[in-house]
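Enquirer:
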Amino acid sequence: MAGAEAAPALRFSPSGDQITVGTPPGFGGYQFSAFDKETGELLWTTNLEAGATGAPMTYMHRGKQYVVFAIGGQQHAAEFLAFALP
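In the working numbering, each residue carries its 1-based index in the sequence shown increased by 301.
#1: So, at 8 Å on beta carbons, what are the nonlocal neighbours of Thr346 in its own chain, with the 5 sequence-adjacent residues on each side left out?
#2: Can you pull the DSSP bridge partners for Gly355?
#3: Going by beta carbon distance, what residues of the same chain come within less than 8 Å of Ala379, once the five residues before and after it are set aside?
#4: Three-state secondary structure (DSSP) at Gln375?
#5: Determine the direct distance from the alpha carbon of His362 to that of Gly304, and round the result to whole angstroms.
#6: In the structure shown, what three-state DSSP assignment does Lys365 receive?
Below is the structure:
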């Protein structure tokens with residue numbers, strides 16, 4: 302796709318909800334993180350109201366890139382979150 306940007310230097314890691322998604326014990330949680338793809342260094346993380354229930358995807362809007370993904374759980378209605386990339 303011409304002109305598409307794919308955040309080539311970043312790797313995203315949402316934490317899934319252990320009950321809804323079936324994340325293995327010891328994993329999961331309510332965080333979303335961005336890592337440097339080359340070094341593995343944690344660049345940014347944020348706490349979420351519920352665990353991620355879907356894979357992150359990116360899109361461009363008016364020259365700005367965003368990452369969006371779904372969250373939800375037994376005690377939290379499903380919703381989408383979007384974050385702008387620097």
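From the three backbone atoms N, C-alpha and C, an ideal C-beta is built for every residue, glycine too. Just so you know, these numbers come straight off a predicted model, no measurement behind them.
Expert: The short version:
#1: Around Thr346: Gln332, Phe333, Ser334, Ala335.
#2: Looking at the DSSP assignment, Gly355 forms no beta bridge with any residue, so it has no partner.
#3: Excluding positions up to five away in sequence, the list reads Thr354, Ala371, Ile372, Gly373.
#4: Three-state result, Gln375: coil.
#5: Low confidence applies here, because Gly304 scores a pLDDT of 41, under 50, leaving its location unreliable and the question unanswered by this model.
#6: In the structure shown, Lys365 sits in a strand (DSSP, three-state: E or B).
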